[in-house]
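In the working numbering, the protein residues as written are 1 to 564.
Read through the structure below, which is laid out as structure tokens, and then see the notes.
This is the structure we're talking about:
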């Protein structure tokens, strides 16, 4: 305890119960420290997590929220929603290393003046024992404050799994030839390969060009027949390994269409723009992309009737940064050749060859599954790219007819799911180590907004972080609060809606592992409220927009915490 320390405490109190309880405590001459500053709110559900974070940013040493007892809310169910919201927020604060105990939720009725007084006295005593809040006063470090803190994960820093690298999608077919076609209403499934061949392993790297040609032929047919007014796919960027999303209006423009091992971009978000255009848009979606499309359908941001979905098989996608991380520089034009297991690279310094798994996108090493959740037509085969723990190798190959045995989780085999391994490793660290790690990671952020702009769940017409002070949407932070809390707030805004597509980390020019925040929320939701996979089915209800009477109290965070 700091000598002479007087903590600043902010208490958000429900108007109908807790605030009345505070008034009863006063009229009953039951004392509590004057360090507690009460803010009256209509309902505990009105307390936005941003209020909690802003209170800390403004200098609060502790924040407590008081509301009606569950079941006694003046607005029937408001505190049930608040309970889930605060539980997840407190868990995230604990995850980034904020000392356990600086946040609290307590249910106090209008008749419990004594409880209100006791609660405030206990909370002030707790905050005094923790001392002044210095961690949330600035979540980012600058200059000499930065350290080389890393989390040892055998070969890589924490935001990459060992061997978790992705190769690109491709298929084993010949040109546009398919071995099986099935018509079912307005859905046509095109499957290549031999369904009777048992374990099927497509030659991903060597067959990508054939997949690209087949896609061009089929997309041209859709445009010529009038079934589609445009195509959404990829075109060559500045380099062969930098394809970018693009719309194609006619067959001639399709000549620029590409599909290669580096087409990792999730095209679902671009369908929001297409929803406002006349006619049907044909879009090429990988299995993981269809989760995002389903979620956008749930939120009424895309129009299914104006979309023709071609599901393309996927064997994982490659990252050029993953290749460079192997010490490969000076890559020549058309100098990358991808085979089933290897990547051959021609550089100005000579030829190099690396393992394909070493350059995969992180998300592909922890793939949710290779089943398209929504499609009109399928082209190509998929291969399991999940990296088995401790081996750095893929767990197995996918059969042509992949099925999902764990519908709630949206993955083929939950036993080999390693999605949360990184989160669990960080959770085992002390609070001081966690805070040190995230401070250093977030200190690299240049606020380019790439993560927000590419995220399918960040689809608000006007973002809460955009201001008009300078007659344009804010590119840089307009105030210190945004500088310190941007990524935490953004992750909370998409909690329960994030499909874990990994786009935020893929596009980050500073290589910040932003997906860890989203996965932490997903992990907590699965553990506290039952397994849920956003986008697995269109129309599913997010865990943050429902509740049960038996939901865990926010105090569960304290019980699960690893301490300070």
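Note that the Cβ used here is the ideal one computed from N, Cα and C, for glycine as well.
Alpha-carbon to alpha-carbon, residue j and residue i
| i | j | result |
| --- | --- | --- |
| residue 264 | residue 289 | 10 Å |
| residue 491 | residue 435 | 17 Å |
| residue 447 | residue 93 | 21 Å |
| residue 472 | residue 316 | Any reading at residue 472 needs caution, since the residue's pLDDT is 48, under 50, leaving its predicted position unreliable; the model's value is listed next. Rounded to whole angstroms, residue 472 to residue 316 spans 39 Å at the Cα level. |
| residue 258 | residue 234 | 6 Å |
| residue 378 | residue 73 | 50 Å |
| residue 516 | residue 423 | 6 Å |
| residue 223 | residue 347 | 39 Å |
| residue 418 | residue 369 | 12 Å |
| residue 8 | residue 58 | 10 Å |
| residue 552 | residue 431 | 22 Å |
| residue 6 | residue 132 | 9 Å |
| residue 108 | residue 512 | 41 Å |
| residue 461 | residue 452 | 12 Å |
| residue 465 | residue 457 | 15 Å |
| residue 127 | residue 376 | 57 Å |
| residue 332 | residue 441 | 32 Å |
| residue 463 | residue 241 | 31 Å |
| residue 427 | residue 228 | 48 Å |
| residue 75 | residue 18 | 14 Å |
| residue 330 | residue 363 | 26 Å |
| residue 309 | residue 284 | 6 Å |
| residue 359 | residue 130 | 44 Å |
| residue 334 | residue 214 | 21 Å |
| residue 270 | residue 336 | 28 Å |
| residue 98 | residue 554 | 15 Å |
| residue 340 | residue 211 | 15 Å |
| residue 134 | residue 43 | 30 Å |
| residue 197 | residue 311 | Residue placement at residue 197 is flagged as unreliable, the pLDDT there being 29, under the threshold of 50; the coordinate-derived value follows with that caveat. Looking at the two C-alpha atoms, the distance is approximately 22 Å. |
Run of the beta strand (DSSP E) containing residue i, from where it starts to where it stops
| i | result |
| --- | --- |
| residue 66 | 62-67 |
| residue 127 | First-last for residue 127: 113-130, but that is the alpha helix (DSSP H), not the beta strand (DSSP E). |
| residue 352 | 350-355 |
| residue 434 | Per DSSP, residue 434 belongs to no beta strand (DSSP E); it is in the alpha helix (DSSP H), 431-442. |
| residue 245 | 244-248 |
| residue 12 | 9-14 |
Chain-order list of residues whose beta-carbon lies under 6 Å from that of residue i (same chain, five-residue window excluded)
| i | result |
| --- | --- |
| residue 25 | 113, 116 and 117 |
| residue 11 | 36, 38 and 64 |
| residue 354 | 326 and 343 |
| residue 121 | 32 |
| residue 20 | 110 |
| residue 454 | 503 and 507 |
| residue 529 | 543 |
| residue 45 | 78, 81 and 82 |
Proximal residues to residue i (C-beta, below 8 Å), its chain only, five neighbours per side dropped
| i | result |
| --- | --- |
| residue 41 | 12, 13, 14, 15 and 47 |
| residue 96 | 139, 434, 435, 438 and 488 |
| residue 547 | 77, 80, 81, 83 and 84 |
| residue 174 | Because residue 174 carries a pLDDT of 30, less than 50, the predicted location of this residue cannot be relied on, and the following value inherits that uncertainty. Excluding residues within five positions, the ones whose Cβ falls inside 8 Å are 210. |
Endpoints, alpha helix (DSSP H) assigned at residue i
| i | result |
| --- | --- |
| residue 423 | 421-427 |
| residue 529 | 515-529 |
| residue 566 | As displayed, the chain neither begins before 1 nor continues past 564, which places residue 566 out of reach and without an answer. |
| residue 504 | 503-507 |
| residue 96 | Looking at the DSSP string, residue 96 is not in any alpha helix (DSSP H), and its letter there is neither H nor E. |
| residue 560 | 556-560 |
| residue 450 | 450-454 |
| residue 212 | 208-225 |
| residue 54 | 49-57 |
| residue 322 | 320-324 |
| residue 365 | 362-365 |
CA nearest to the CA of residue i, picked from the options
| i | options | result |
| --- | --- | --- |
| residue 565 | 495, 224 and 111 | Absent from the structure is residue 565, since the part of the chain shown begins at 1 and ends at 564. |
| residue 450 | 427, 506, 71 and 524 | 506 |
| residue 62 | 98, 102 and 54 | 102 |
| residue 252 | 553, 216 and 443 | 216 |
| residue 111 | 59, 98, 23 and 268 | 23 |
| residue 67 | 100, 105, 285 and 31 | 105 |
| residue 272 | 232, 420 and 356 | 232 |
| residue 291 | 481, 268 and 43 | 268 |
| residue 254 | 240, 324, 236 and 242 | 236 |
| residue 503 | 380, 560 and 319 | 319 |
| residue 499 | 4, 308, 341 and 293 | 293 |
| residue 541 | 136, 531 and 29 | 531 |
| residue 559 | 91, 44 and 384 | 91 |
| residue 367 | 324, 286 and 307 | 286 |
| residue 69 | 561, 445 and 549 | 549 |
Sequence-distant residues of its chain with Cβ nearer than 7 Å to residue i (five each side left out)
| i | result |
| --- | --- |
| residue 89 | 49, 52 and 492 |
| residue 373 | 290, 291, 294, 535 and 536 |
Check whether the region 230-248 and the region 289-305 touch, using three or more Cβ-Cβ pairs below 8 Å as the test. no
Between the region 509-524 and the region 43-61, do at least 3 Cβ pairs fall closer than 8 Å? no
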